[in-house]
Structures are given as C-alpha cells and as structure tokens.
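Right, one structure below, let's go through it.
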Amino acid sequence: MTPPALRCDQVVKRYGDFCAVDRVSLEVDGGEIVALLGPNGAGKTTLIGCITGLVNATGGTITVFGQDVRRDFRTARRLVGLVPQEINFDPFFTPLESLMIQMGLMGQRPDRAWCEELLDRFALSDRRDAYTRHLSGGMKRRLLVAKALVHRPKLLFLDEPTAGVDVELRKSLWDEVRRLRSEGTTVLLTTHYLEEAEELADRIAVMRRGRLLVVEPREAMLARGQGRSLEEIFVELVHSEEPPCSP
Ligand SMILES: Nc1ncnc2c1ncn2[C@@H]1O[C@H](COP(=O)(O)OP(=O)(O)OP(=O)(O)O)[C@@H](O)[C@H]1O
Ligand SMILES: [Mg+2]
C-alpha cells in the first residue's frame, strides 16, 4: 500500500505555555489539493513549519510519503517544496541565480534550461538578470514559487502564495497549481482568499487557535452553507463555540 503524501498524527507545537498547534491530525493523499484556512494566528504557518523542518514540533509524528520528517529529514525535505509566507531572498542575486543556487541547496545538478523554463512559467523571463531587490512584490512572490519547484517536489506547500499578486497573475498561478496537480504533485495551500480555496481545493481544512476544526471535501463544505458562500460558512465555523467535529 502506498503511504499518503502527508500524514500528521497528533502534532503539537508549544511556545512556553502557548499552544500554537494543538494535536493536529491530517492525512493528504497523493495528487490532492488541500486548502488550509484559518484566521490570523490560527497556526497554519507553524504547522507547515513543523512539516518542512523549519519548526521543531513539540509532539506528534509527521511523515511525507512514509518518510519521518525528523528521522529521515534529508529524504523527506527533498520530497517537499515550500513557498514561505515571508519573502526571503538574497537581494543581490538575480532570479536566475536564485534558482540555480536553490537547485544546488536541494542537492540537484545545476540545470539552467529547467530554471529558465520555470522563469518563463512564472512570467519572469524578462527579469531573469535583474536584482531580486528590484522586483515588485508580486514578482518576488512568483519567484518564491519558482524557487520552491526547482527540485520537482512531490508535495508542495504554498503559504499564502497569492498575497499581493494581481488578479490576472493570481489566475495564472491557479493554472500553474492545476498543472502541477495534473503532473502528480500534491499541494497544500493556505490562503485568506476564500474564492481561491473554492476554485482550487479538493478538500478544505479549517484551523482555529491551533486546532483543526474540520477537513472536508469542498462540496461537503459548501453544502454546509445551503446556498451561502464559503466566506459565510468559514466565519460561522471559526466563531462556533465548540469544534463541529473532532479531527
Ligand atoms: N517563534 C514564535 N514564538 C512564539 N509564538 C509564536 C512563534 N511563531 C508563531 N507564534 C505564535 O503562534 C501562533 C500561530 O502563528 P502562525 O504564524 O502559525 O499563524 P497563521 O495561521 O499562519 O496566521 P496568518 O494567517 O496570520 O499567517 C500565533 O499566535 C503566533 O504569534
Ligand atoms: Mg501564516
């Protein structure tokens, strides 16, 4: 039996007395797109950090394609791509250099043609030799996505990939996410644009105060609203007193 792309089992992250991620269990199958929603501070980025090795979980276990993210860190890390919420480049590199360097960091042979193709996919070809510090905010974000793809990860985390990206480019990023899925990539994305979740996600997960409140196929989630929008369903969920179901 093939292991799921991602399995989180009772994942906990504490900062002192504060519990940023509280016993989260979640399974994602290969080829799925899952949208992780939740208000500011819900724990989405922290959970992604625990999975990608940026945050040291306090408890629980996490595997990607059956590899334990702590015990088999190197193998697990190369299976995942991360588009972080915060923009983090060396401002003195060009987009092309950034991609080439990232390939090296991920243990790949340098492949300039692939890096150029990625720049093309993300409409950055004409800026490939500019300093990254001279790119606009949306361009920087697109470069972050390209950077996360250099090693062709099987599981991709997109932490608010379209924040600050204009409408047209947001739609082209959606196309890119669908294309990745059609190529077999599994995607977990966070977003505050609920239409993005509605547009892309096979399943929708909602977090609040560290807890995973609900994970459901998109249709089931929308059916909760009986004609109301996902936004209304979301607001109701995050304001509900008790979690509507245990994760
Ligand atoms: N290094 C840290 N030390 C202490 N608290 C932290 C740390 N990192 C995150 N937190 C806290 O953990 C909680 C969850 O933060 P997180 O960034 O995961 O939220 P989020 O769901 O990604 O929110 P947003 O939608 O604003 O990006 C917040 O209350 C945050 O202040
Ligand atoms: Mg976040």
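Position 23 (the sequence shown) corresponds to 162 in the working numbering; numbering is contiguous. Note that CB positions come from ideal geometry on N, CA and C, so glycine has one too. Quick caveat, the model's predicted, so the values are computed rather than measured.
Here DSSP, grouped into helix, strand and coil, assigns Val316 to helix.
A contact is defined here as three or more CB-CB pairs under 8 Å, and the segment 288 to 300 meets this definition with respect to the segment 318 to 328. C-alpha of Ser368 to C-alpha of Arg318: approximately 26 Å in a straight line. One alpha carbon belongs to Asp305, the other to Gly277, and they sit about 7 Å apart. Counting only beta-carbon distances shorter than 7 Å to the non-hydrogen atoms of ligand 2, the qualifying residues in chain order are Lys183, Thr184, Gln224, Asp298, Glu299, Thr329. Rounded to whole angstroms, Pro230 and Arg217 show a C-alpha spacing of 25 Å. For Arg342, the CB contacts under 7 Å within the same chain, skipping 5 residues up- and downstream, are Glu171, Val173, Val354, Glu355, Pro356, Arg357 in chain order. In chain order, Phe228, Pro230, Phe231 place their CB closer than 8 Å to the CB of Arg272, counting only its own chain and leaving out the 5 sequence neighbours on each side. Shown here for Glu338: same chain residues with a beta carbon closer than 8 Å to its own, the five before and five after excluded, namely Trp313 in chain order. By a beta-carbon distance limit of 8 Å, Cys147 contacts Ser164. Their separation comes to about 6 Å.
Taken through DSSP and simplified to helix, strand or coil, Leu288 comes out as coil.
Between the segment 190 to 210 and the segment 243 to 252, the count of C-beta pairs closer than 8 Å stays below three; the two stretches do not touch. In the DSSP assignment, Met346 falls outside any alpha helix (DSSP H) and within the unbroken beta strand (DSSP E) covering 342 to 347. Short note on Tyr154: C-beta closer than 8 Å to some heavy atom of ligand 1.
The Cβ atoms of Leu361 and Val377 lie no closer than 9 Å to each other. Taking the Cα of Val316 as reference, the smallest distance to any Cα among Arg347, Val289, Glu307, Val284 is reached at Val284. For Asp265, no alpha helix (DSSP H) encloses it, and the DSSP letter there is neither H nor E.
Val289 is not a Cβ neighbour of Gln224, given a cutoff of 9 Å. Sequence-distant partners of Thr301 (beyond 5 residues in either direction) whose C-beta falls short of 7 Å from its own C-beta, in its chain, are Arg309, Leu312, Thr330, Tyr332, Glu335. When distances are taken from the beta-carbon of Leu186 to the heavy atoms of ligand 1, the shortest one is below 8 Å.
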